[in-house]
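S.K.: Sharing a structure here in structure tokens format.
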Amino acid sequence: RPDGRVLALAAVPYSFNLSQGRQGDLPTLIAYNLPPSATFFNQAAATIGWGGFLLLLAVSLTKSHSPAFTLPPGLRALLAFFAITLLAALASPLRTHQPWALALSNAGMILAAALAALSAAAIQQAGLALPAFRAFCIGLVVAGAVGSAVGIVQVYAPNVADGVWIATGSIPGTAVGNMRQPNHLSSLLLWAIVAALWLGEARMLRRAAAFALAALFLFVVVLSASRTGALSMLLLAGWGVLDRRLSRAARLALLAAPLVYFVFWYGTGLWADHGHHVFGGETRFNTRGDVSSSRLGIWSNTLALIRMHPWAGVGFGEFNFAWTLTPFPGRPVAFFDHTHNLPLQLLVELGVPLGLLVIALLLAALVIALIGTVRDAAAAGAPPGQATLRSAAFMMVLLILVHSLLEYPLWYAYFLLPAAFAFGLGLGPRAATAALPRAAGAKRPLLIGALLLTLGAAGALADYARVVVIFAPGEDAAPLAQRIVDGRHSVFFSHHADYAAATTADHPADVMPAFLGAPHYLLDARLLLAWAKALDEAGDTEHARYVAQRLREFRNDAAADFFAPCEAPKRPPAAAPPFQCLEPTRALSYESFR
6 RPDGRVLALA AVPYSFNLSQ GRQGDLPTLI AYNLPPSATF FNQAAATIGW GGFLLLLAVS
66 LTKSHSPAFT LPPGLRALLA FFAITLLAAL ASPLRTHQPW ALALSNAGMI LAAALAALSA
126 AAIQQAGLAL PAFRAFCIGL VVAGAVGSAV GIVQVYAPNV ADGVWIATGS IPGTAVGNMR
186 QPNHLSSLLL WAIVAALWLG EARMLRRAAA FALAALFLFV VVLSASRTGA LSMLLLAGWG
246 VLDRRLSRAA RLALLAAPLV YFVFWYGTGL WADHGHHVFG GETRFNTRGD VSSSRLGIWS
306 NTLALIRMHP WAGVGFGEFN FAWTLTPFPG RPVAFFDHTH NLPLQLLVEL GVPLGLLVIA
366 LLLAALVIAL IGTVRDAAAA GAPPGQATLR SAAFMMVLLI LVHSLLEYPL WYAYFLLPAA
426 FAFGLGLGPR AATAALPRAA GAKRPLLIGA LLLTLGAAGA LADYARVVVI FAPGEDAAPL
486 AQRIVDGRHS VFFSHHADYA AATTADHPAD VMPAFLGAPH YLLDARLLLA WAKALDEAGD
546 TEHARYVAQR LREFRNDAAA DFFAPCEAPK RPPAAAPPFQ CLEPTRALSY ESFR
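Following my numbering, the numbering of the sequence shown begins with 6 at its first residue and continues without gaps.
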């Protein structure tokens, strides 16, 4: 409805289940998950929820009398970015033998993000942006408030965390939320700060309440000890300096954000020292000389891979496969599945020419969104909230892109879809213009797309059950071998079944087909060990030696017994060293294993 009352209740990605009179499970707040993924239920809830939200928006569009939808330049640049990455995702199996299950998952999320951006731009032109953004911000504030409560419990009452309703913290004295990552909790709360301040500016929330909520969220950002969160204080202050459409009180609050952050940090440190408690922030910025937490190492390795494969890259979604199977004697010992930097990720996987193109398209869309924000700030006579809507949406996009320079939050549906929605609001046209290319009849495709997204996400949830039973079998479950066979019929998750087959076989060579798919998802110590043994058992000693040497570079405790015979004092003088102790006698590369 144009008055936003229905939308405010139906912002299902961050909504209440009012029909049953209780709070629903919000994507960023779900603690309970089943193996093999620790965040799948969060992502499934986000995708189903956003499908429902976009469906409601599409219904509103079909009932509106807005003119034919147009594609302004900024939106075309963003859609071109999505189109190129979509084609790269679908082409990856043809080039790299990546399992289609992974390619289809990647392609589905890219299409979902494009749909969110298009829907947001359409409602911007139809005049429904204000109620839709209000619903979005209310949901973010609710998620931020509950997430803050979870974070406070994790720091001040960790014994209360049961792992079902409140996730147990993996870092003592640190708020990680139910997403189990301090940076993820921090980004959610930064969005919630922007949402609360905008609701105050739009007079949908008392300013005193908005400032109090923002202070609460900022306090829990401190408890998360997120370095990205600390850096983002400067972005909030910059918003207060540059956006003159904000009220004086809001600008002062934003300018004070770095100072308030420091006060909260100092006070929490005093509390920890006085009461002999643990505050993760006291050690978070001092990780024994590596404040980057191995990011500098992985970035250096990524640049080396780019130099090795400058033209076509290693393939979309193939960074972990290529990096793990490329010699890097001084590599970080954690098993990185992303570069922790969005531009580097695009360059290493797509190649320099195509990578630079998609980065340029993304930057062009961002600059055009910024220009639209500045023009809105120069306009006069806008209703409360409308004048600062684009700037608030732009800040949300900017904050998550800064996070993307240090991690990979956009690989999670609960960040990707809201970010795409906010981006679309910032790029949507104010009115149809004859000079712009028209997309008449776009309302019905948006409706169909939202419906397919909802049904597809629900189908993925059912599909996931096929592999859950492999790792968490019930009392009446079939034997493991049968569960693995059934799991291989999964549309989106068959690689998990391959992993189980490869790592549980008594003789890995008996399940060699499993090594065609599993290594393309995540090559870890357990899988590398099984793969090396399988290749040796199959008589391919050269490739077995190569895989073993890559495993050795990680210096992983799980492989200590495997490499123990390589120590000369432990081996009989006349005994030939086992295959894992020797380098291959011919040149190989990660491409030799495709």
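Yeah, the Cβ is synthetic: ideal placement off N, Cα and C, and Gly gets one too. Model, not experiment: these values are computed from the prediction.
Assuming residue 391 is part of the alpha helix (DSSP H), what are its boundary residues?
M.R.: On the sequence shown, position 386 is the one that residue 391 refers to. Residues 391-409.
S.K.: Can you tell me whether DSSP reads residue 497 as helix, strand or coil?
M.R.: Working through the sequence shown from its first residue, we reach residue 497 at position 492. Residue state, collapsed to three classes: coil.
S.K.: Between which two residues does the alpha helix (DSSP H) harbouring residue 554 extend?
M.R.: Looking up residue 554 in the sequence shown gives position 549. Element bounds for residue 554: 546-558.
S.K.: Touching or not, the stretch 107-114 and the stretch 326-345, by the rule of three or more beta carbon pairs under 8 Å?
M.R.: No, because fewer than three Cβ pairs between the stretch 107-114 and the stretch 326-345 fall closer than 8 Å, the two stretches do not touch.
S.K.: Keeping to the same chain, check which residues put their C-beta closer than 7 Å to that of residue 173; ignore five residues upstream and five downstream.
M.R.: Against the sequence shown, residue 173 aligns to sequence position 168. Cβ within range, chain order: 166.
S.K.: Quick one: is residue 177 buried, meaning 16 or more other Cβ sit within 10 Å of its Cβ, or exposed?
M.R.: By one-based count along the sequence shown, residue 177 stands at place 172. When all chains shown are included, residue 177 counts as exposed.
S.K.: Short check: CB of residue 152 to CB of residue 233, under 8 Å?
M.R.: Locating residue 152 in the sequence shown gives position 147, where the first residue counts as 1. Locating residue 233 in the sequence shown gives position 228, where the first residue counts as 1. No, the pair does not count as a contact, with Cβ atoms beyond the cut-off.
S.K.: Have a look at residue 252 and residue 68 and give me their C-alpha separation to the nearest angstrom.
M.R.: Reading the sequence shown from its first residue, position 247 is the one you call residue 252. Reading the sequence shown from its first residue, position 63 is the one you call residue 68. For residue 252 and residue 68, the distance between alpha carbons rounds to 35 Å.
S.K.: On the CB-based measure, 16 or more other CB atoms within 10 Å of its CB, does residue 442 come out buried or exposed?
M.R.: Within the sequence shown, residue 442 is the residue found at index 437, counting from 1. Low local confidence applies: a pLDDT of 45 at residue 442 is under 50, so the model's placement there is unreliable, with the coordinate-based value given in what follows. Exposed is the call here.
S.K.: Skipping 5 residues on each side, what residues in its chain have a beta carbon closer than 7 Å to that of residue 556?
M.R.: The sequence position of residue 556 within the sequence shown is 551, counting from 1. For residue 556, where only same-chain residues beyond five positions count, the Cβ hits under 7 Å are 530, 533, 534, 537 and 564.
S.K.: For residue 550, count neighbouring C-beta atoms within 10 Å of its own C-beta (all shown protein chains included) and say buried if the count is 16 or more, exposed if not.
M.R.: Here residue 550 refers to the residue found at position 545 of the sequence shown. Buried, since its Cβ has 16 or more Cβ neighbours within 10 Å.
S.K.: Judging by CA-CA distance, which residue of 43, 215 and 314 is the nearest neighbour of residue 169?
M.R.: Looking up residue 169 in the sequence shown gives position 164. The shortest Cα separation from residue 169 among 43, 215 and 314 belongs to 43.
S.K.: Per the contact definition of three or more C-beta pairs closer than 8 Å, is the stretch 422-429 in contact with the stretch 117-128?
M.R.: Contact holds: three or more Cβ-Cβ distances are below 8 Å.
S.K.: For residue 163, which residues from the same chain have a beta carbon less than 8 Å from its beta carbon, with the 5 sequence-adjacent residues on both sides left out?
M.R.: Your numbering for residue 163 matches position 158 in the sequence shown. Excluding positions up to five away in sequence, the list reads 173, 174 and 177.
S.K.: Leaving aside the five residues before and after residue 546 along the sequence, list all residues of the same chain whose C-beta is less than 6 Å from its C-beta, in chain order.
M.R.: Taking the first residue of the sequence shown as 1, we reach residue 546 at position 541. Once the five neighbours on either side are set aside, the close Cβ partners of residue 546 are 584.
S.K.: Return the Cβ separation of residue 229 and residue 180 in integer angstroms, given the expectation that the two are a contact with Cβ distance under 8 Å.
M.R.: Position 224 of the sequence shown holds residue 229. Position 175 of the sequence shown holds residue 180. The pair is a contact, with the Cβ atoms about 5 Å apart (cut-off 8 Å).
S.K.: Nearest-angstrom Cα distance between residue 528 and residue 586?
M.R.: The residue given as residue 528 occupies position 523 in the sequence shown. The residue given as residue 586 occupies position 581 in the sequence shown. The straight-line gap from Cα to Cα measures roughly 20 Å.
S.K.: Relative to the alpha-carbon of residue 591, which residue among 497, 461 and 548 has its alpha-carbon at the smallest distance?
M.R.: Mapped onto the sequence shown, residue 591 falls at position 586. Answer by Cα proximity: 548.
S.K.: Counting only runs of 3+ residues fully inside the stretch 253-277, write out the beta strand (DSSP E) ranges in chain order.
M.R.: Listed in chain order, there is nothing to give.
S.K.: DSSP on residue 229, reduced to helix/strand/coil?
M.R.: Working through the sequence shown from its first residue, we reach residue 229 at position 224. Residue 229: helix per DSSP, three-state reduction.
S.K.: Sort 506, 515, 54 and 511 by Cα distance to residue 522 and report the nearest one.
M.R.: Counting from one through the sequence shown, the residue named residue 522 turns up at place 517. For residue 522, the nearest C-alpha among the options comes from 506.
S.K.: Taking the alpha helix (DSSP H) that residue 159 falls in, what are its first and last residues?
M.R.: Stepping through the sequence shown from its first residue, residue 159 is reached at position 154. Note, residue 159: alpha helix (DSSP H), 134-161.
S.K.: Compute the Euclidean distance between the alpha carbons of residue 307 and residue 344, then round it to the nearest angstrom.
M.R.: The residue you call residue 307 lines up with position 302 of the sequence shown. The residue you call residue 344 lines up with position 339 of the sequence shown. If I take the Cα positions, the gap works out to 7 Å.
S.K.: Give the single residue among 333, 597 and 379 whose Cα lies nearest to the Cα of residue 607.
M.R.: For the chain, the structure presents residues 6 to 599; residue 607 sits outside this window and is missing.
S.K.: Please classify residue 10: is it buried, with 16 or more other beta-carbons within 10 angstroms of its beta-carbon, or exposed?
M.R.: Residue mapping note: residue 10 aligns to position 5 of the sequence shown, counting from 1. A caution first: residue 10 carries a pLDDT of 38, below 50, which makes its placement in the model unreliable, though a value can still be read off. The residue is exposed, with fewer than 16 neighbouring Cβ atoms inside 10 Å.
S.K.: For the putative contact between residue 87 and residue 118, defined by C-beta atoms under 8 Å, what is the C-beta separation to the nearest angstrom?
M.R.: Counting from 1 along the sequence shown, the entry for residue 87 is found at position 82. Counting from 1 along the sequence shown, the entry for residue 118 is found at position 113. Residue 87 to residue 118, Cβ: 6 Å. Contact.
S.K.: Within the chosen definition, does the stretch 490-499 reach the stretch 467-477 through at least 3 CB pairs nearer than 8 Å?
M.R.: Judged by Cβ distances under 8 Å, the stretch 490-499 makes contact with the stretch 467-477, as three or more pairs qualify.
S.K.: Whose C-beta lies closer than 7 Å to the C-beta of residue 185 among residues of the same chain, with five residues either side of it excluded?
M.R.: Sequence index remark: in the sequence shown, residue 185 carries index 180 (1-based). Within the same chain, residue 185 has close Cβ partners 43, 172 and 175.
S.K.: Going along the chain, which residues of its own chain have a beta-carbon closer than 8 Å to the beta-carbon of residue 1, five neighbours each way excluded?
M.R.: Any property of residue 1 remains undetermined from this structure, which presents the chain solely from 6 to 599.
S.K.: Looking only at its chain, what residues have a beta carbon closer than 6 Å to the beta carbon of residue 102, apart from the 5 residues adjacent to it on each side?
M.R.: Taking the first residue of the sequence shown as position 1, residue 102 is located at position 97. Same-chain partners within the cutoff: 599.
S.K.: From residue 539 to residue 553, what does the alpha carbon distance come to, in whole angstroms?
M.R.: Counting from 1 along the sequence shown, the entry for residue 539 is found at position 534. Counting from 1 along the sequence shown, the entry for residue 553 is found at position 548. Between residue 539 and residue 553, the C-alpha separation is close to 11 Å.
S.K.: Just mark residue 281 as buried or exposed, buried being the case when its beta carbon has 16 or more other beta carbons within 10 Å.
M.R.: Position 276 of the sequence shown, counted from the first residue, corresponds to residue 281. Classification for residue 281: exposed.
S.K.: Measure the beta-carbon distance from residue 410 to residue 347 and round it to whole angstroms, keeping in mind my assumption that it falls under 8 Å.
M.R.: Walking along the sequence shown from the start, residue 410 turns up at place 405. Walking along the sequence shown from the start, residue 347 turns up at place 342. So it is a contact: roughly 7 Å between Cβ atoms.
S.K.: Out of 50, 63 and 47, which has the shortest C-alpha to C-alpha gap to residue 453?
M.R.: As a working note, residue 453 is residue 448 in the sequence shown. Of the candidates 50, 63 and 47, the one whose C-alpha sits nearest the C-alpha of residue 453 is 63.
S.K.: For the alpha helix (DSSP H) containing residue 129, list its first residue and its last residue.
M.R.: The residue given as residue 129 occupies position 124 in the sequence shown. Note, residue 129: alpha helix (DSSP H), 105-131.
S.K.: Please name the residue, chosen from 593, 416 and 243, that lies closest to residue 52 on a Cα-to-Cα basis.
M.R.: Here residue 52 corresponds to residue number 47 of the sequence shown, with the count starting at 1. Cα-wise, what sits closest to residue 52 is 416.
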